[in-house]
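Just below is one structure, and these are the notes that go with it.
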Amino acid sequence: MSGQEPDPIGAYTEAATASAATVIRFYSTSFGAAARLLEPVVREQVRSIYALVRVADEVVDGAAAAAGLDLRTQLEQLDDLERETERAMAIGFSTNLVVHAFAVTARLTGIGTDLTAPFFASMRRDLDADPLDDDEVAAYIHGSAEVVGLMCLRAFIIGSHPSPTALAELEDGATHLGAAFQKVNFLRDLSADWVRLGRNYFPGVDPAHLTEHQKHLILDDIDLDLAIAGRCIPHLPRGSRAAVAAAHALFARLAAKLRGTPAGSLLTARVRVPDAEKLTIAVHAALTSGGRER
1 MSGQEPDPIG AYTEAATASA ATVIRFYSTS FGAAARLLEP VVREQVRSIY ALVRVADEVV
61 DGAAAAAGLD LRTQLEQLDD LERETERAMA IGFSTNLVVH AFAVTARLTG IGTDLTAPFF
121 ASMRRDLDAD PLDDDEVAAY IHGSAEVVGL MCLRAFIIGS HPSPTALAEL EDGATHLGAA
181 FQKVNFLRDL SADWVRLGRN YFPGVDPAHL TEHQKHLILD DIDLDLAIAG RCIPHLPRGS
241 RAAVAAAHAL FARLAAKLRG TPAGSLLTAR VRVPDAEKLT IAVHAALTSG GRER
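Residue numbers for the sequence shown, in the UniProt record's numbering: 1 to 294.
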């Protein structure tokens, strides 16, 4: 029998981290493929971030409603999740394993409520049926996607100490990449968002009568976000570069497929990249994502 003292919090955190990985493995094959290219420590942190994001999304978009919760109860559940997340970030512990894993990552990487509060505000907005205007869409994208990119960046750069100028450039790239991901999802999930949920993230556009011109304008905006983000990838730490390059390439491919899909078809079919092609993209990213850190 070993004389080594047990480490209860270490074991608990390990279980929490494993639970976060299970959430990601179950819900997102695309993210899982890219995350496998991260160095192990960063991979755990990023999975913990995305697991909390996924749980919040299920409160407003999936499992909670399927369980029979009305909008008021969904909102209460989301508020409870935010309070528990903030408390865990403050004290370093939660009885909710996904929240605990996130809190450990947040305390390690410096993620604060300046990033989590906008995220939960955007999730809360999904429970509001009122139409979004341009400013509200921008705020929604910031909270639901850009801050998630910034959270992941905190994990990517821990221990690398970029200069203030380099950090500002990396943050700009992270926000544009997060925005691009969200806008791609808006377009390819047009059917589910509009037909099933009655949501429209494109003010001034009638989703039921999306034109080719409107579709191409949306994709031009996405391509600009991807271009800005792509210029920053070579300056990420090596342990994160291939994974980000793979995710960037995957969403660029999705954008290209959306551009080639008739606008009228987006209400009836969800565009996707086949698994074999995802693997090819990931391998290519791993082999070609060079660059330098600053």
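We put the beta carbon where it would ideally sit given N, CA and C, even for glycine.
These numbers were taken from a predicted model, which means no experiment stands behind them.
Three-way DSSP call (helix, strand, coil) for residue i in this model
i      : result
Thr280 : helix
Glu14  : helix
Ile158 : coil
Gly260 : coil
Ile9   : helix
Val46  : helix
Pro274 : coil
Pro164 : helix
Arg253 : helix
Ser289 : coil
Leu69  : coil
Leu127 : coil
Asn185 : helix
Ile111 : coil
Pro40  : helix
Asp206 : coil
Arg199 : coil
Residue i versus the options, residue with shortest Cα-Cα distance
i           : options                        : result
Val137      : Thr211, Gln182, Ala166         : Gln182
Val184      : Ile222, Arg43, Ile233, Trp194  : Ile222
Ile218      : Val98, Ala63, Ala255           : Ala255
Ala103      : Ala88, Thr113, Val147          : Ala88
Arg36       : Arg270, Ala242, Thr261, Asp172 : Ala242
Pro8        : Ala63, Ile141, Phe93           : Phe93
Asn200      : Thr95, Ala263, Arg154, Asp130  : Asp130
residue 305 : Pro164, His235, Ser265         : One cannot answer for residue 305 here, as it falls past the ends of the chain, which runs 1 to 294.
Pro118      : Gly143, Gly10, Leu81           : Gly143
Leu132      : Ile141, Thr165, Pro203, Asp193 : Pro203
Cys232      : Arg72, Leu167, Val148          : Leu167
Leu153      : Gly110, Glu58, Asp220, Thr17   : Gly110
His100      : Tyr12, Phe26, Ala180           : Tyr12
Arg107      : Ser289, Val55, Ile158, Ala286  : Ile158
Rounded distance between the beta-carbons of residue j and residue i, thought under 8 Å
i           : j      : result
Val42       : Phe156 : 6 Å
Leu267      : Val195 : 7 Å
Leu187      : Leu250 : Not confirmed; about 15 Å, so no contact.
residue 335 : Glu82  : This structure cannot speak to residue 335, because the chain is shown only from 1 to 294.
Gly178      : Ala139 : Incorrect: roughly 14 Å between the Cβ atoms, too far for contact.
Ala276      : Lys215 : At roughly 26 Å, the Cβ-Cβ gap does not stay under 8 Å, so Ala276 and Lys215 are not in contact.
Residues of its chain near residue i, where Cβ-Cβ distance is below 6 Å and the 5 sequence neighbours each way are ignored
i      : result
Ala247 : Ala34
Ala282 : Ala33, Ala246
His176 : Asp225, Ile228, Ala229
Ala174 : Gly149, Leu150, Leu153
Asp193 : Arg199
Whether residue i touches residue j by CB criterion (8 Å)
i      : j      : result
Pro162 : Leu150 : no
Thr105 : Ser48  : yes
Glu44  : Thr17  : yes
Pro164 : Leu190 : no
Cβ shell of residue i (< 7 Å), same chain only, five flanking positions each side left out
i      : result
Val60  : Gln74, Leu78, Met123, Asp126, Leu127
Thr261 : Val271
Phe31  : Ile24, Tyr50
Leu38  : Val46, Gly239, Ser240, Ala243
Within-8 Å CB hit, residue i to chain C
i      : result
Pro162 : Note that chain C does not occur in the displayed structure, where there is just one protein chain.
Same chain only: Cβ atoms within 8 Å of residue i, ignoring 5 sequence neighbours per side
i      : result
Ala15  : Leu97
Glu86  : Thr113, Thr116
Val273 : Ser30, Leu250, Arg253, Leu254, Lys257, Ile281
Asp172 : Ile228, Cys232
heavy atom of the ligand FMN below 7 Å from residue i C-beta
i      : result
Ser163 : Inclusion of the ligand FMN in the displayed structure is not the case, the ligand content being empty and no account of it being possible.
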